[in-house]
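Below: the structure, in structure tokens.
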Amino acid sequence: MRHLLSTRELDRATAVGILDVAEDMADVADREIKKLPTLRGKTVVNLFFEDSTRTRTSFEVAAKRLSSDLVNFSAKGSSLSKGESLKDTAQTLAAMGADAVVIRHASSGAAQVLAQSNWIDAAIINAGDGTHEHPTQALLDAFTMRRRIHGRASRGHDLDGLRVTIVGDILHSRVARSNVWLLQALGASVHLVAPATLLPSELANWPVTVGYDLDEAIRQSPDAIMMLRIQAERMSAAYFPNAREYGRQWGLDDERLARLGPDTMVMHPGPMNRGLEISAGAADSSRSTVLEQVANGVSIRMAVLYLLLASETVA
Ligand code: ASP
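Numbering-wise, the numbering used here comes out as the position in the sequence shown, counting from 1, plus 107.
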């Protein structure tokens with residue numbers, strides 16, 4: 108594996124291999140000194156053209172725990188806001204000796220453009236490209252599910268037979284896309300629930316089942332229910348009547364939460380719109396994995412950086 112651009116390129120063995128390395132990395136987080144010397148002398152660049160708190164800081168913590176140097180390069184306050192192109196930026200980073208570039212960009216395909224270019228010879232990690240993919244998010248979600256099921260005995264397991272329901276703004280969600288491909292590779296089945304206006308037209312080619320009724324989906328008692336953020340910043344039209352109506356039909360409120368099985372995982376990639384797609388009660392309940400997802404994100408990103416920069420093969 109030279110880059111991580113999409114979960115579509117991961118087969119089951121490779122995905123399980125990444126999750127297993129993340130388990131090793133999670134062990135490091137439990138130590139008093141949370142640091143490995145593995146990437147000493149390597150330079151990781153966080154190249155963020157879109158806002159991010161969780162993902163950017165997660166990569167930062169991951170890179171530092173592996174002892175690499177870390178440069179945060181955000182679009183605001185850099186020459187990018189003066190119109191410097193992706194090419195010029197990439198060439199500049201190459202000249203500075205970047206070994207890995209973690210890129211988030213509003214355009215779908217931006218990470219791939221960088222990986223296929225001859226502007227820079229670094230490992231490229233897609234940290235979210237438009238509405239396309241966010242592979243490390245899906246990996247940390249899978250890691251979180253696997254840990255909830257198998258605990259410390261997770262190594263080697265896939266997600267065979269797990270039933271995952273993804274709810275909400277699928278249309279604009281790179282998290283949903285990355286999860287669909289990865290969950291399929293790991294043997295889980297995926298059910299999507301959303302208003303018809305928030306489902307993409309390419310859906311026919313996805314390995315999923317689709318429904319429009321959240322209460323019906325809850326009756327099927329899934330093993331995990333993943334609530335997606337309403338991505339208002341990507342919405343150019345009115346996709347639903349108003350926030351209240353959306354919450355009433357598609358939100359995981361306290362009453363729906365009570366109807367979920369006791370072990371159903373309630374997931375959300377963050378940032379959450381509390382009171383819209385998820386109630387505070389659901390977000391903070393014992394079923395919620397939200398904070399585990401954040402903690403596990405560091406382990407997954409350590410694993411990905413390690414596999415791309417410190418070892419030849421994944422498996
Ligand atoms: N943080 C995730 C992303 O960047 C999810 C979200 O923004 O809703 O795609």
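Note that the Cβ used here is the ideal one computed from N, Cα and C, for glycine as well.
From a predicted model like this one, the values you see are computed outputs, not experimental measurements.
Indicate, with yes or no, if ligand 1 has a heavy atom lying under 7 Å from the CB of T162.
-> Numbered from 1 along the sequence shown, position 55 holds the residue referred to as residue 162. For T162, the shortest C-beta to heavy atom distance toward ligand 1 is below 7 Å.
Enumerate in chain order the residues of its own chain whose CB-to-CB distance from L347 is below 7 Å, with the five nearest sequence positions on each side excluded.
-> The residue given as residue 347 occupies position 240 in the sequence shown. Checking the sequence, you will find Phe at residue 347 rather than Leu. Excluding sequence neighbours, F347 sits near P302, T304 and Y353.
Return the first residue and the last residue of the beta strand (DSSP E) that D236 is part of.
-> For this step, residue 236 is matched to residue 129 along the sequence shown. Per DSSP, the unbroken beta strand (DSSP E) holding D236 starts and ends at A230 to D236.
Do the stretch 248-268 and the stretch 284-302 meet, that is, are 3 or more Cβ pairs less than 8 Å apart?
-> yes
From what residue to what residue does the alpha helix (DSSP H) around S165 run?
-> Within the sequence shown, numbered from 1, the residue matching residue 165 stands at position 58. From DSSP, the alpha helix (DSSP H) with S165 extends over R161 to R172.
Check whether the Cβ atoms of F156 and R163 lie closer than 8 Å to each other.
-> Counting from 1 along the sequence shown, the entry for residue 156 is found at position 49. Counting from 1 along the sequence shown, the entry for residue 163 is found at position 56. No, the pair does not count as a contact, with Cβ atoms beyond the cut-off.
Tell me whether R75 counts as near ligand 1, meaning its Cβ is closer than 7 Å to at least one heavy atom of that ligand.
-> Summary: the structure shown does not reach residue 75, with the chain confined to residues 108 through 422, and so no result is reported for it.
Which of helix, strand or coil DSSP assigns to T420 | Against the sequence shown, residue 420 aligns to sequence position 313. A caution first: T420 carries a pLDDT of 42, below 50, which makes its placement in the model unreliable, though a value can still be read off. Of the three classes helix, strand and coil, the one that applies to T420 here is coil, per DSSP.
Close Cβ partners of K141 (< 7 Å) along its chain, the five nearest in sequence each way excluded = Residue numbering aside, residue 141 sits at position 34 when the sequence shown is read from its first letter. Here the set comprises V135 and R172.
Any idea which residues DSSP pairs S392 with across the strands?
-> Position 285 of the sequence shown, counted from the first residue, corresponds to residue 392. None, per the DSSP bridge assignment.
Own chain residues within Cβ distance below 7 Å of S214, not counting five before or after | As a working note, residue 214 is residue 107 in the sequence shown. The residues are D236 and G237.
Looking only at DSSP bridge pairs, what is I210 linked to?
-> Counting from one through the sequence shown, the residue named residue 210 turns up at place 103. I210 is bridged to L154 and N233.
For ligand 1, any of its heavy atoms closer than 7 Å to the Cβ of G377?
-> Taking the first residue of the sequence shown as position 1, residue 377 is located at position 270. For ligand 1, at least one heavy atom lies less than 7 Å from the Cβ of G377.
Would you kindly work out how many angstroms separate the C-alpha atoms of R366 and T396, rounded to a whole number?
-> Position 259 of the sequence shown holds residue 366. Position 289 of the sequence shown holds residue 396. Between R366 and T396, the C-alpha separation is close to 17 Å.
How long is the line joining the alpha carbons of E116 and D370, rounded to whole angstroms?
-> Position 9 of the sequence shown, counting from 1, holds the residue named residue 116. Position 263 of the sequence shown, counting from 1, holds the residue named residue 370. Cα to Cα, the separation comes out at about 31 Å.
By a C-beta neighbour count over all protein chains shown, 10 Å radius and 16 as the cutoff for buried, is A229 buried or exposed?
-> In the sequence shown, counting from the first residue as 1, residue 229 sits at position 122. So A229 counts as buried.
Where M379 and E240 are concerned, what is the direct C-alpha to C-alpha distance, given to the nearest angstrom?
-> As a working mapping, residue 379 is identified with position 272 in the sequence shown. As a working mapping, residue 240 is identified with position 133 in the sequence shown. Those two C-alpha atoms are separated by around 19 Å.
Does DSSP put L111 in a helix, in a strand, or in coil?
-> Taking the first residue of the sequence shown as 1, we reach residue 111 at position 4. In this structure, L111 counts as strand in the three-state DSSP scheme.
Quick one: give me the first and last residue of the beta strand (DSSP E) that T316 is part of.
-> One-based indexing of the sequence shown puts residue 316 at position 209. Start and end: V315 to G318.
Give the range of the alpha helix (DSSP H) segment to which S296 is assigned.
-> For this step, residue 296 is matched to residue 189 along the sequence shown. Segment S296 to V300 is the beta strand (DSSP E) holding S296; no alpha helix (DSSP H) there.
Whose CA, out of T196, H110 and L306, lies closest to the CA of I277?
-> As a position in the sequence shown, residue 277 is number 170, starting the count at 1. For the residues T196, H110 and L306, the minimum Cα distance to I277 belongs to L306.
Exposed unless 16 or more other CB atoms sit within 10 angstroms - verdict on G284 | As a first step, residue 284 must be located in the sequence shown, where it is residue number 177. Looking at the sequence provided, one finds Arg at residue 284 rather than Gly. It is buried - the Cβ of R284 has at least 16 other Cβ atoms within 10 Å.
Between G235 and ligand 1, is the CB less than 7 Å from at least one heavy atom?
-> Position 128 of the sequence shown holds residue 235. Yes, Cβ of G235 sits closer than 7 Å to a heavy atom of ligand 1.
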